[in-house]
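What follows is a set of notes on a single structure, which appears directly below.
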Amino acid sequence: MKKSVLFFTATLCVGGLLNSSLLIAETPATTGEGAPAPTTDVVPTQNSQPVPPPTTTESAPATSEAKPTETAPVATTASTNPTEKPYEVVCENNACKVDGTTFKGWRVFHSVCYVCHAQDAIGSSFAPSLVERLKDFPKERFVHSVTEGFKGQIGIMPSWKDNPNVMPHLDELWAYLRARSDGVLLPGRPEKLK
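The structure is reproduced here in structure tokens:
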């Protein structure tokens, strides 16, 4: 006898970066010889967008190296630890100073991304506020969305993977946008920490 469990994950947004819904049906193996192996069927729901497959690692014997993850590699160098802050921000008297990485992220954002996402990443009528969107957004999903693009309910975010003004600066963009979404960096041009 098969036991089925349904999980429903839905993220709703207007116009943007994360608009995905999935129904996942898991059928674990039953006890006994010849039982089928566990399977996971992913069934996209109406208006859903493709979601990158989960990162999986397999255990390897102690004498060999572990196999790499099965998803595309993330082209960034900073840590993907969700509790680690990729920025350094010091604000006094409504003026903020930031580390070099975050400052460069501000510059890249305001030369490329602001056209749709508005100055200071607050969003527009056709692109979401990244200040709000990135509050619970993992870096891996951010990198995937920037490199592969995204088709949302209102518009389309292009793929930036071939743009030399964006791709080398994913860590910097992430640092700037995380500082904004974490509420530690005020709107406006920051100064660079000495």
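Quick note, the sequence shown lines up with residues -7 to 186 if you use this note's numbering. Glycine included, each C-beta is placed from N, C-alpha and C at the ideal position.
Point to revise | W152 to A87 span [Cα, whole Å] | key: 31 Å
Exercise for review: Identify the continuous alpha helix (DSSP H) that holds E124 and give its terminal residues.
Suggested key: 122 to 125
Review point. What did DSSP end up calling E84 once you bin it into helix, strand or coil?
Key: strand
Check your understanding: Going along the chain, which residues of its own chain have a beta-carbon closer than 8 Å to the beta-carbon of S116, five neighbours each way excluded?
Key -> C108, H109, A110
Check your understanding: Do you know offhand how far G97's Cα is from V82's?
Key -> 16 Å
Exercise for review: Could you have a look at P20 and say whether DSSP puts it in helix, strand or coil?
Suggested key: Bear in mind that the predicted position of P20 carries a pLDDT of just 41, short of 50, making it unreliable; the figure below should be weighed with that in mind. P20 falls in the coil class under three-state DSSP.
**Study point:** Helix, strand or coil at L177 [DSSP, three-state]
**Key:** coil
Exercise for review: Pick out the complete beta strand (DSSP E) segments inside the segment 91 to 118, 3 residues or longer, and give them in chain order.
Suggested key: none
Practice item. Kindly indicate which residue of E183, N157, P182 has the alpha-carbon position closest to the one of C105. Key: N157
**Study point:** For N39, three-class secondary structure by DSSP
**Key:** Unreliable positioning characterises N39 in this predicted model, as indicated by a pLDDT of 40, which lies under 50. The coordinate reading is nonetheless provided below. N39: coil per DSSP, three-state reduction.
Check your understanding: Would DSSP call P142 helix, strand or coil?
Key -> Per the sequence presented here, residue 142 reads as Phe, with Pro not at that position. F142 falls in the strand class under three-state DSSP.
Check your understanding: What number of angstroms, rounded off, separates the C-alpha of Y79 from the C-alpha of F101?
Key -> 15 Å
**Study point:** Residue from R133, E124, T139, E84 whose Cα sits closest to the Cα of R172
**Key:** E124
Review point. Is it true that the CB of L169 sits closer than 8 Å to the CB of A119?
Key: no
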